[in-house]
Structures are given as structure tokens and as C-alpha cells.
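*Asks:*
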Amino acid sequence: MLELGIVIVTDSTCDLPVEYISQNNVYVIPFTFVLNGINYTDDFGKSLSYKEFYDGIRNGSMPTTAQITAYTFENEFRSFVSKGDSVIYIGFSSALSETFNGSVLARNEIMEANPEADITVIDSKSASVGQGLLVYYASEMLKQGKSKQEIVEWIESNKLKVNHWFTIDSLEHLKRGGRISATSAAIGGLLEVKPVLNVSNDGSLNVVKKIRGRKKSIRTLFEEYKTLAIKPEEQMIYIAHGDCIEDAEYLKSLILSETTPKDIVINSLGPIIGTHTGPGMVGVFFLGKER
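Residue numbering for the sequence shown is 2 to 292, as defined by our numbering.
(1) Could you check if Asp-264 is buried or exposed, using at least 16 other CB atoms within 10 Å of its CB as the buried criterion?
(2) Would you call the stretch 143 to 150 and the stretch 273 to 290 in contact, with 3 or more CB pairs under 8 Å?
(3) Use the C-beta contact count for Met-282: other C-beta atoms within 10 angstroms, 16 or more gives buried, fewer gives exposed.
(4) Exposed or buried, Lys-211, counting other C-beta atoms within 10 Å across all chains shown (16 or more means buried)?
(5) Contact check, Ile-30 vs Asp-12 under 8 Å by CB: the rounded distance?
(6) As a quick exercise: from Arg-213, Leu-222 and Asp-44, pick the residue whose alpha carbon is nearest that of Leu-198.
(7) For Thr-1 versus Tyr-41, is the C-beta spacing smaller than 9 Å?
(8) Return helix, strand or coil for Thr-66, following the three-state DSSP convention.
(9) Kindly indicate which residue of Glu-53, Leu-49, Pro-64 and Asp-16 has the alpha-carbon position closest to the one of Leu-36.
(10) Tell me whether Asn-268 is buried or exposed, calling it buried when 16 or more other Cβ atoms sit within 10 Å of its Cβ.
(11) Have a look at Thr-121, Val-27 and Asn-164 and flag the residue whose alpha-carbon is nearest the alpha-carbon of Val-130.
(12) Identify, in the order they occur along the chain, each residue of the same chain with its Cβ nearer than 8 Å to the Cβ of Leu-3, setting aside the five sequence neighbours on each side.
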């Protein structure tokens with residue numbers, strides 16, 4: 002019997018660098034979004050550059066996003082199963098989108114008709130490059146020759162160690178998208194208060210601190226990283242930003258001033274997450290003992 006190929010599948014909310022995705026055979030199912038009445042595929046800036054997207058928001062546009070449907074997942078999963086591939090899908094947090102539930106429905110539909118199909122769907126309980134970090138480690142383990150069971154067990158054992166610490170200019174976008182309450186968003190209107198947020202164990206967003214001033218809020222991200230990151234010299238650290246590269250570089254300089262991570266990568270925040278955070282989001286993503 003031929004050994005099944007293992008395919009790492011995720012969705013475009015992973016916000017990994019497109020170079021990593023293309024060079025490591027990670028398969029990405031795209032979300033879609035609408036800006037100024039035009040439908041776009043979230044294809045890592047090919048159809049619409051990140052700069053154009055964030056400038057659109059700055060100029061008053063209100064983008065909307067659409068979840069990936071169960072029908073789309075079913076078609077994608079079937080295409081792999083038909084080739085004899087074994088699928089590991091690492092999905093966007095179920096606490097932030099119904100998308101993951103669509104993947105579960107699709108898997109169940111396929112398995113009912115074909116019990117031999119090998120499809121594992123994992124709720125990352127993460128977002129953006131937090132989700133992307135799990136994809137990165139899964140991909141690296143696959144290259145090291147790890148089995149599907151080893152990869153899945155590692156992800157399930159470590160996903161709640163993925164830390165997401167980020168700050169945004171305003172909570173209004175998160176409120177409008179239903180990601181946080183109006184009460185939580187009210188603090189965003191205070192003069193020079195910059196909220197610091199993280200992703201909790203259930204995969205939802207928490208406003209953790211209210212910091213006065215942009216620079217101080219970014220330093221707070223660094224302090225959380227310094228306190229919580231385990232063995233940074235063995236870790237891949239990601240920084241994501243919503244069209245504010247200078248702030249991302251500042252955060253990177255703080256990290257490198259006191260620690261020596263294995264590698265540190267800056268990447269743009271894609272339009273799906275960016276719709277809900279707005280321009281000016283900057284965050285750091287890493288592994289800790291816990292979130």
C-alpha cells in the first residue's frame with residue numbers, strides 16, 4: 002500500500018509571508034472581502050495591495066468579509082482525498098468566525114460517504130500569525146519527516162501556548178465587526194488611550210490593558226513578550242502590522258535589544274483581520290508556557 006502524502010491546509014487569515022507559503026507547499030484556502038463594492042479574493046496582496054486596502058479604510062471605506070463556506074471546504078478536501086492525500090487543516094479560531102464550523106461540516110459529509118478519507122480539522126483557537134505559527138511548525142515538522150499523528154498531537158498540545166499580543170489605534174472596527182462589545186470599545190474614544198489586546202484560551206479577543214500613548218503601547222507588547230516567551234533563542238518570532246512598518250520595526254528593535262530569537266519576521270496583516278482591526282495594528286506572536 003502506498004504511503005499517503007500529508008498536506009498542510011490553512012486559510013488566508015494565517016497572515017504568513019507569501020514566500021514561505023509558496024516555498025513550503027502550504028495550501029491556503031482564501032477568504033473573500035468587499036471594498037468599495039468590489040469583491041476580492043484574499044490572495045496576499047496580489048489582487049489589491051495591502052497599501053491600497055488600508056488607504057481605502059483611512060479614506061472612509063468600510064470593507065466587509067465573507068467566511069469560507071462548507072461547500073468550498075468540501076470541494077477542497079475532496080480534491081486532496083481523491084489523490085490519496087492525508088489532510089491536516091489548521092483553521093481560524095471558531096470564537097471569531099463560523100468558518101471553522103464549515104470545515105467540520107465538510108469533513109463529516111466526506112467521511113460519511115468515504116470512511117477511508119483521512120481528514121483532520123484543527124481549531125487553532127488563534128488568529129493571524131498566531132494561526133500562522135501553528136502552520137509554520139506543522140510544515141517544519143512535515144519536512145523533518147514527522148508522521149501525521151505526531152504533527153496533530155504537537156499542534157493540539159501546543160496551540161494554547163501561542164501568544165498574540167497586539168495594539169490598535171481604535172476599537173471601533175472590532176466593535177463594528179462584533180468581535181468585542183460596545184462597552185469594551187468605549188475605551189477607544191479616550192484621549193491617547195491605546196488598547197493592548199490578546200487572544201484568550203477560547204480563541205476570543207480580550208482587551209487587557211489601556212495604555213496612554215502609541216510608543217508606550219508598543220513597549221508594553223515587548224514587555225509581555227519578554228515576560229512570557231520561552232527559550233526565544235529557539236523560536237521563530239513573528240511581528241504583524243496593519244500598514245505601519247515603522248512601528249513594527251520599532252517593536253523588532255526592542256525585542257532584539259534584550260533577546261536573541263532564532264529568527265524574527267515582519268509581515269503585513271492581511272485584509273480579513275485588517276478589516277476588523279483597521280490600520281495601525283501592530284502585534285507580536287510567539288510561544289509561551291501559556292497564553
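Ideal Cβ placement from N, Cα and C applies to all residues, glycine included.
*Replies:* On the basis of the supplied data:
(1) The residue you call residue 264 lines up with position 263 of the sequence shown. Exposed.
(2) no
(3) Locating residue 282 in the sequence shown gives position 281, counting from the first residue. So Met-282 counts as buried.
(4) Looking up residue 211 in the sequence shown gives position 210. Looking at its Cβ environment, which holds fewer than 16 other Cβ atoms inside 10 Å, Lys-211 is exposed.
(5) Here residue 30 refers to the residue found at position 29 when the sequence shown is read from its first residue. Here residue 12 refers to the residue found at position 11 when the sequence shown is read from its first residue. Their Cβ separation, rounded to whole angstroms, is 5 Å, which keeps Ile-30 and Asp-12 in contact under 8 Å.
(6) For the purposes of this step, residue 198 is taken as residue 197 along the sequence shown, with counting starting at 1. Looking at the Cα atoms, Leu-222 is the closest of the given residues.
(7) This structure gives no information on residue 1, because the portion of the chain shown stretches from 2 to 292.
(8) Locating residue 66 in the sequence shown gives position 65, counting from the first residue. Three-state result, Thr-66: strand.
(9) Locating residue 36 in the sequence shown gives position 35, where the first residue counts as 1. Here the closest residue by C-alpha is Pro-64.
(10) The residue given as residue 268 occupies position 267 in the sequence shown. Per the 10 Å Cβ criterion, buried.
(11) For this step, residue 130 is matched to residue 129 along the sequence shown. Among Thr-121, Val-27 and Asn-164, the Cα nearest to that of Val-130 belongs to Asn-164.
(12) Locating residue 3 in the sequence shown gives position 2, where the first residue counts as 1. Note that Leu-3 has pLDDT 33, beneath the 50 cutoff, so the model's placement of it is unreliable and the number below is only indicative. Closer than 8 Å at Cβ, skipping near neighbours: Gly-85.
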